[in-house]
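Start counting the sequence shown at 1; every next residue gets the next number (the UniProt record's numbering).
Just so it is clear, CB atoms sit at the ideal spot from N, CA and C, and this is done for glycine as well.
Note that this is a predicted model, so its numbers are computed, not measured.
Structure first, then comments.
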Amino acid sequence: MSLELSHNIVCPAPAERVYALLTDPAGWPGILTPCKAARVLSATATTQTVELTMTAGTGTATWVTERVLRPEFYGVEEGQPRPMPRVERIDTSWRVVALDPNSCVLLTEHVVDAADDAAAHVRTMIHRNIGSALVDYRTASEKPRAATPMIMPDTRIRHTAECATDADTVYGIVCDTRSWPTLFDACVGVEIVREDGNTSDVRVFAEQDGRRVSWETRRTHHPALRRVDYMLPVPMPFVAEMAGQWRVIPLEAHRCLLAVDRWWTMLDDVTGIRDGIETVAQATDFVRSYVDTNAGAEMRAIAAVAR
């Protein structure tokens, strides 16, 4: 049985400070109530292997977690194969999303593969443990701490918008690709190529700097997380690969945060695609500007419709 669970908390601190707490295992025993020890077994700029010892019932439990760091998005991905009996795997995503320069949302998402008879226990355990951890991180974030703001590479970008309605309404707008031509000025048409459960392939027709272009996006919906993962099997001009995630994060009953992360790689040879663009650097600037302009317009359009 697959479980998907999402939790979040607002922290009165800059996003980079909260991310620094998330990525410093040595400090966890002094922050997280159940954490007795945290030992980094290996680490690189973008990975950590950490041995954790936590209180569990009347005793303690020790396990190893593999972490992938995504500093450009203040993100961490964790994987735990067979963390407990009757549970095949738990995958966890952490994201820190700025609300303003002095506050942010700390979000965690769990995807669990567990036996049917273990699912209820795992759900209860995650609710309890993550609820405690989020409060601990928020408390720790209130203390001043040196932290480095993210440096966004040219092929990574994040956009956010606060929406004055409930998260489910905004998630419904995000999922409704048929509405894009009336919602987004740059979109002139969509074609649903394939739909299969929570996955769909959609051909998008758009205006790009006065020219008609198209690409295909494959979208996977995670309703319990209010998240849509996407990748482009047929990418836009100049791009070799592109993927991203749309998230809708509830803040209050009638207030939520829409956050979209995008990442891509460029073609090695960009000549002959468009006059005046002959180098990868020129193409990178063009794609980033197009994505930034379009995404900003998308955020404003969704926020306006959601009022």
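Practice problem: Quick one: give me the first and last residue of the beta strand (DSSP E) that residue 198 is part of. | Solution: By one-based count along the sequence shown, residue 198 stands at place 198. Premise fails: residue 198 is in no beta strand (DSSP E) and is neither H nor E.
Practice problem: Identify which residue in 307, 9, 278 and 276 has its Cα closest to the Cα of residue 133. | Solution: What you label residue 133 is simply residue 133 of the sequence shown in a count that begins at 1. Closest by alpha carbon: 9.
Quiz item: Opposite residue 51 in the DSSP bridges: which residues?
Solution: Within the sequence shown, residue 51 is the residue found at index 51, counting from 1. According to DSSP, which records beta bridges pairwise, residue 51 is partnered with 39 and 64.
Quiz item: What separation, rounded to the nearest whole angstrom, lies between the Cα atoms of residue 141 and residue 71?
Solution: Residue 141 sits at position 141 when you count from the first residue of the sequence shown. Residue 71 sits at position 71 when you count from the first residue of the sequence shown. Going by the C-alpha atoms only, they are around 18 angstroms apart.
Quiz prompt | Whether residue 315 touches residue 49 by CB criterion (8 angstroms) | solution = No statement about residue 315 is possible, as the shown extent of the chain runs from 1 to 307 and does not include it.
Quiz item: Straight-line CA distance for residue 223 to residue 207?
Solution: Taking the sequence shown and counting its residues from 1, the one referred to as residue 223 is at position 223. Taking the sequence shown and counting its residues from 1, the one referred to as residue 207 is at position 207. The straight-line gap from Cα to Cα measures roughly 30 angstroms.
Practice problem: Would you identify the three-state DSSP class for residue 153, choosing helix, strand or coil? | Solution: Position 153 of the sequence shown, counted from the start, is the residue given in the question as residue 153. Coil at residue 153, not helix or strand.
Quiz item: How about the region 1–15 and the region 103–114: do they share at least three Cβ pairs that are nearer than 8 angstroms?
Solution: yes
Quiz prompt | Terminal residues of the beta strand (DSSP E) in which residue 293 lies | solution = The sequence position of residue 293 within the sequence shown is 293, counting from 1. Taken as a continuous stretch (DSSP letters only), residue 293 belongs to no beta strand (DSSP E), being part of the alpha helix (DSSP H) at 280–305.
Quiz item: Are three or more beta carbon pairs between the region 235–244 and the region 252–265 nearer than 8 angstroms?
Solution: yes
Self-check item: 6 angstroms Cβ shell around residue 288 - same chain, five flanking residues per side excluded
Solution: Numbered from 1 along the sequence shown, position 288 holds the residue referred to as residue 288. The answer, listed in chain order, is 154.
Quiz prompt | Counted within 10 angstroms of its Cβ, other Cβ atoms place residue 101 as buried (16 or more) or exposed | solution = Within the sequence shown, numbered from 1, the residue matching residue 101 stands at position 101. By the 10 Å Cβ count, residue 101 comes out exposed.
Practice problem: Would you mind stating whether residue 77 and residue 113 have Cβ atoms separated by less than 8 angstroms? | Solution: The sequence position of residue 77 within the sequence shown is 77, counting from 1. The sequence position of residue 113 within the sequence shown is 113, counting from 1. Not in contact: residue 77 and residue 113 (Cβ atoms no closer than 8 angstroms).
Quiz item: Which one or two residues does DSSP pair with residue 81 in a beta bridge?
Solution: In the sequence shown, the residue the question calls residue 81 occupies position 81. In the DSSP output, where bridge partners are listed per residue, residue 81 has 89.
Quiz prompt | Option nearest residue 4 by Cα separation, candidates 55, 122, 98 and 29 | solution = As a first step, residue 4 must be located in the sequence shown, where it is residue number 4. Measuring from the Cα of residue 4, the nearest candidate turns out to be 122.
Quiz item: According to the neighbour-count rule (16 or more other Cβ atoms, all chains shown, within 10 Å of its Cβ), is residue 254 buried or exposed?
Solution: Residue 254 sits at position 254 when you count from the first residue of the sequence shown. Exposed is the call here.
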